[in-house]
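K.L.:
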Amino acid sequence: MKKLLMTLIVVAAASTWPTAQINGAEVDFPCQLTDYRILQPNEIMVRCDGVNINNFAAEASLYRLLDESVVYPAVATGSGSGPVAGYPFWLKFLFPEPLAHTQDYELRFSGSYKIKRPGRADWVTEFFKPTRFRFTTRPELAVAKTPGPNEQYLSGHSAVQLSAGAKLVDKTNGQEYDLQLASSDPADPDAAGQLVLNPAPSTLGQKLEVRGVTDIFNQKLTVKPAKAAPPPTAPKTKEAANWNFNVLHQMGEGIKPTWIVDVKIAPVLGGLPGRFYITPSLIVDTGNGKVGETKTNDIINPKFGVSRLVRTNGIFNGIKFSPSISYETNRERDKRNLLFDGNTRIYITGLENTKAQRSQDAFMRARLLNPTVLPQDVPEARFGYSVKLFFGTELGKALTDNEAKSSDKSSSVIVPKYGIRRFRPQFSSSLEFWRLTTSLSVYPRFLFSTENVTREMDTLQPDGSVKKTIFLHTVSGWRPYGELSVSYSFDPAGHYAATSVYKFGSQPPNFDHTNVVLSGVVVRF
Amino acid sequence: MAIRKRVNDVLADWCGVAPDDQTISLEVLWTSTRNNPDRPHNGIDFQPDGVNDLRDKLIDEFKKPGNERKRVSVLKAQHFKPTGDIDTVNDLVRAVVVSPNLKSMPLKES
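Following this line, the structure appears as structure tokens:
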């Protein structure tokens, strides 16, 4: 009997649903209704996501909910309008009587709005089918995490009033936090019901109490603690990580104890005045002997740099200055180079149109026509290109005279210290076609001062053996270097690829001439 | 003026467009507007340069004199995708809303 009565109530509720004043076909309401705020006891604001509509006008009815499936008959009728001037994307529903506190509701509405459709410059009026949205007036706040800094704040759907000395008390540790409204504008729906904690904690306990806070219905608020979130995933590569520590050690019978330390510290620090950003880094890749088949490198490279992007309009889109000072040494400290690297990148319009960007453009165009389309529904672009231009200088000196040994350690030579004054333009380009990528990087480096380097040659010894002899040499003028690579991706995402690289020219610090082709498999994640 | 309106005004200055879809990813917005005639940024990567440029503009906007001032400098480049969780315009609005308040500063009379 009770079940039958409930069914009748639901049928009665449905029959009272208002119908829109239809002029032509009705469409589905285009907004995703994702959030709401109760700014006044008789007013609810609902955020329209996904599209931007104007001149929204609706008849609205309010239904009380017993639970998810049982809806009581309509308790109020009102009107919808919006977006409210100055508060874009928020639709307002107004009712003659205040809502009841601690109650779940369903809002049903239908009417019209104006929207800009693709291919039309003007706003068109559309009528939409009856739409539902559920909300609650329960006096609750939830612990939420601030996007970015990962600190805690309190979030609710109802506007709140704070009395003097309003606090959040964490009863698990007795800590108290002052509460502040997120905005001084009581009409801002995005900020209503959002409370900032001072000091902002990174975690809160499970037993929380708010004091001196009431909602718009004058109810005392309770706090729902946050559910434990899984820890963030670690970066997949050393290059992607800001902090990377790798210590390897091996010892055993008949083996000399060995160790390798591979450390990268490259925090992204805050900005400086003048929109400069600090970019320090420390790379330590050194050790003693080898662990397994892992041979040690030997470089210790602290670097301090700043960067500054200047954006411009027109053909030149911007220029980025990245000056840095670098000290190159090793564990034995027999290399001591101090360098100033004045790297500058120039951005020119039209020089980049990669496959990924063109695929995304196609997706955005398709989404304008059909908001439900997914990236995988749109064919991937077949062609793309990118050109990058840099100018740089390498200024500094070798701080000490260094002893260099031949590769077979049979001879050595002292390399006197020297000055370093190099001009280093760089041109990098890539051409993508389907899964084939061709890249070319050219560094037409010019050495303004003569630099000391070493060369090696085979020397026939009196006993008939051949030994390596190292001798001093100098380099100056143009010393270009380039790499031409062709790669073929096995998978659409480009994680696995076969690649061949042709390297030609000479590179610092020793400027040995290179003319080789390397082939292999690349795995990238 | 509402925080969302101010954030969208900053986005228009950043990439040339205040998006109609507030669920759009900032990175997608940055890429899709790279050849915008008013604010071209072809070749400038979203991370870190595009994000730092956006951050600078937000800091300038929300430290202006008035009642509604925010310490947006707490947002760093690594708080944005792919390393952080600020992805969409809605995420950015929420991040600004819950940024620490700055003391109100009276508007200067012109």
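Going line by line, the protein sequences match chains A and B. The first sequence begins at 0 in numbering that gives the first Met the number 0 and counts up one residue at a time. The second sequence begins at 0 in numbering that gives the first Met the number 0 and counts up one residue at a time. Glycine included, each C-beta is placed from N, C-alpha and C at the ideal position.
Closer than 6 Å by C-beta to A153(B): which residues in its own chain qualify, once you throw out the five before and the five after it? Chain order, please.
P.N.:
Any property of residue 153(B) remains undetermined from this structure, which presents chain B solely from 0 to 109.
K.L.:
For R70(B), which of helix, strand or coil comes out of DSSP?
P.N.:
Numbered from its first residue, the second sequence carries residue 70(B) at position 71. Residue state, collapsed to three classes: coil.
K.L.:
Could you pull out every residue in the same chain whose Cβ sits closer than 8 Å to the Cβ of P117(A), ignoring the five residues on either side in sequence?
P.N.:
Reading the first sequence from its first residue, position 118 is the one you call residue 117(A). Cβ within range, chain order: L367 and L368.
K.L.:
How about P146(A) and H100(A): do their beta carbons lie closer than 9 Å?
P.N.:
Taking the first residue of the first sequence as position 1, residue 146(A) is located at position 147. Taking the first residue of the first sequence as position 1, residue 100(A) is located at position 101. In this structure, H100(A) does not lie closer than 9 Å to P146(A) by Cβ.
K.L.:
For F432(A), count neighbouring C-beta atoms within 10 Å of its own C-beta (all shown protein chains included) and say buried if the count is 16 or more, exposed if not.
P.N.:
Here residue 432(A) refers to the residue found at position 433 of the first sequence. With fewer than 16 Cβ atoms within 10 Å of its Cβ, F432(A) is classed as exposed.
K.L.:
Put D103(A) into one of helix, strand or coil per three-state DSSP.
P.N.:
Walking along the first sequence from the start, residue 103(A) turns up at place 104. In the structure shown, D103(A) sits in a strand (DSSP, three-state: E or B).
K.L.:
Tell me which residues share the same chain as Q205(A) and place their Cβ nearer than 7 Å to its Cβ, disregarding the 5 neighbours each side in the sequence.
P.N.:
In the first sequence, the residue the question calls residue 205(A) occupies position 206. Excluding sequence positions up to five before and after Q205(A), its CB lies within less than 7 Å of the CB of T171 and P224, all in the same chain and listed in chain order.
K.L.:
Have a look at the DSSP bridge pairing and note the partners of T124(A).
P.N.:
As a working note, residue 124(A) is residue 125 in the first sequence. Its beta-bridge partners are K113(A).
K.L.:
Using a Cβ-Cβ distance cut-off of 9 Å, determine whether E60(B) contacts chain A.
P.N.:
On the second sequence, position 61 is the one that residue 60(B) refers to. It does not; no Cβ of chain A falls within 9 Å.
K.L.:
So what's E393(A) in DSSP terms, helix, strand or just coil?
P.N.:
Here residue 393(A) refers to the residue found at position 394 when the first sequence is read from its first residue. Three-state result, E393(A): strand.
K.L.:
Would S157(A) pass as a contact of R63(A) if the rule is Cβ separation under 9 Å?
P.N.:
Mapped onto the first sequence, residue 157(A) falls at position 158. Mapped onto the first sequence, residue 63(A) falls at position 64. Taking 9 Å as the Cβ cut-off, S157(A) and R63(A) do not qualify as a contacting pair.
K.L.:
Please name the residue or residues paired with C30(A) in a DSSP beta bridge.
P.N.:
Your numbering for residue 30(A) matches position 31 in the first sequence. None; C30(A) has no bridge partner.
K.L.:
Can you find a C-beta in chain A that's less than 9 Å from the C-beta of M0(B)?
P.N.:
Taking the second sequence and counting its residues from 1, the one referred to as residue 0(B) is at position 1. Output row for M0(B): interface = yes.
K.L.:
Hey, is F28(A)'s beta-carbon within less than 9 Å of any beta-carbon in chain B?
P.N.:
On the first sequence, position 29 is the one that residue 28(A) refers to. Not one chain B Cβ lies under 9 Å of F28(A).
K.L.:
Taking the continuous alpha helix (DSSP H) assigned at F489(A), which residues delimit it?
P.N.:
Here the question's residue 489(A) lines up with position 490 in the first sequence. Neither: F489(A) is in no alpha helix (DSSP H) and is coded neither H nor E.
K.L.:
From V500(A), P97(A), N300(A) and E58(A), pick the residue whose C-alpha is nearest to that of S438(A); which is it?
P.N.:
Residue mapping note: residue 438(A) aligns to position 439 of the first sequence, counting from 1. It is V500(A).
K.L.:
When the cut-off is 9 Å and only beta carbons count, does Y152(A) lie next to chain B?
P.N.:
What you label residue 152(A) is simply residue 153 of the first sequence in a count that begins at 1. At least one chain B Cβ lies under 9 Å of Y152(A).
K.L.:
Counting contacts by CB-CB distance shorter than 9 Å, is V9(B) in contact with chain A?
P.N.:
Looking up residue 9(B) in the second sequence gives position 10. No - not a single Cβ of chain A is within 9 Å of the one on V9(B).
K.L.:
Output, in chain order, the set of chain B residues within a Cβ distance shorter than 8 Å of Y86(A).
P.N.:
As a working mapping, residue 86(A) is identified with position 87 in the first sequence. Those are A1, R3 and K4, listed as they occur along chain B.
K.L.:
For the ligand PLP, any of its heavy atoms closer than 8 Å to the Cβ of Q151(A)?
P.N.:
The model on display carries no ligand, and the ligand PLP is accordingly not part of it.
K.L.:
Would you check if there are 3 or more beta carbon pairs closer than 8 Å linking the segment 158–165 of chain A to the segment 67–81 of chain B?
P.N.:
no
K.L.:
Which residues, in chain order, does the segment 41–74 of chain A contribute to contact with chain B at a C-beta distance below 7 Å?
P.N.:
D48, G49, V50 and N51
K.L.:
Under 7 Å Cβ-Cβ, which residues of chain A neighbour P39(B)?
P.N.:
Counting from one through the second sequence, the residue named residue 39(B) turns up at place 40. The contacting residues are N312, N316 and T348.
K.L.:
State whether the segment 379–390 of chain A contacts the segment 348–355 of chain A, with contact taken as three or more CB pairs (one from each stretch) at a distance under 8 Å.
P.N.:
Yes, the segment 379–390 of chain A touches the segment 348–355 of chain A.
K.L.:
Would you identify the three-state DSSP class for K4(B), choosing helix, strand or coil?
P.N.:
Your numbering for residue 4(B) matches position 5 in the second sequence. Residue state for K4(B) is assigned as helix, using DSSP reduced to three classes.
K.L.:
Compare the C-beta of K75(B) with all C-beta atoms of chain A and state if any pair is closer than 9 Å.
P.N.:
The residue you call residue 75(B) lines up with position 76 of the second sequence. So yes, K75(B) belongs to the interface.
K.L.:
In angstroms with no decimal places, state the Cα-to-Cα distance between G341(A) and P36(B).
P.N.:
In the first sequence, residue 341(A) corresponds to position 342, counting from 1. In the second sequence, residue 36(B) corresponds to position 37, counting from 1. C-alpha separation (whole angstroms): 30 Å.
K.L.:
Please name the residue or residues paired with I85(B) in a DSSP beta bridge.
P.N.:
Mapped onto the second sequence, residue 85(B) falls at position 86. F79(B), per the DSSP bridge assignment.
K.L.:
With H, G and I counted as helix, E and B as strand and the rest as coil, what does DSSP make of I58(B)?
P.N.:
Within the second sequence, numbered from 1, the residue matching residue 58(B) stands at position 59. In the structure shown, I58(B) sits in a helix (DSSP, three-state: H, G or I).
K.L.:
Using a Cβ-Cβ distance under 9 Å, would R274(A) count as near chain B?
P.N.:
Locating residue 274(A) in the first sequence gives position 275, where the first residue counts as 1. Taking Cβ atoms only, chain B reaches closer than 9 Å to R274(A), which makes this a yes.
K.L.:
Whose CA, out of N100(B), R33(B), L106(B) and P105(B), lies closest to the CA of A190(A)?
P.N.:
Taking the first sequence and counting its residues from 1, one reaches residue 190(A) at position 191. Checking every option, the nearest Cα to that of A190(A) belongs to N100(B).
K.L.:
Just tell me which of E42(A), F216(A) and G481(A) has its CA closest to the CA of A59(A).
P.N.:
Here residue 59(A) refers to the residue found at position 60 of the first sequence. Ranking the options by Cα distance to A59(A), first place goes to E42(A).
K.L.:
Under 8 Å by Cβ, that's how I've got V97(B) and V195(A) pegged, so tell me the actual separation to the nearest angstrom.
P.N.:
Walking along the second sequence from the start, residue 97(B) turns up at place 98. Walking along the first sequence from the start, residue 195(A) turns up at place 196. Indeed they touch by this definition, with Cβ atoms about 6 Å apart.
K.L.:
Mapping the DSSP letters down to three states, classify D177(A) as helix, strand or coil.
P.N.:
The residue given as residue 177(A) occupies position 178 in the first sequence. Looking at D177(A) - three-state DSSP - the assignment turns out to be strand.
K.L.:
List the residues of chain A whose Cβ lies closer than 7 Å to the Cβ of R93(B), in chain order.
P.N.:
For the purposes of this step, residue 93(B) is taken as residue 94 along the second sequence, with counting starting at 1. Under the 7 Å cutoff, chain A gives P146.
K.L.:
Report the three-state DSSP secondary structure of E105(B) (helix, strand or coil).
P.N.:
What you label residue 105(B) is simply residue 106 of the second sequence in a count that begins at 1. Per the sequence shown, residue 105(B) should be read as Pro rather than Glu. Here P105(B) sits in coil by DSSP.
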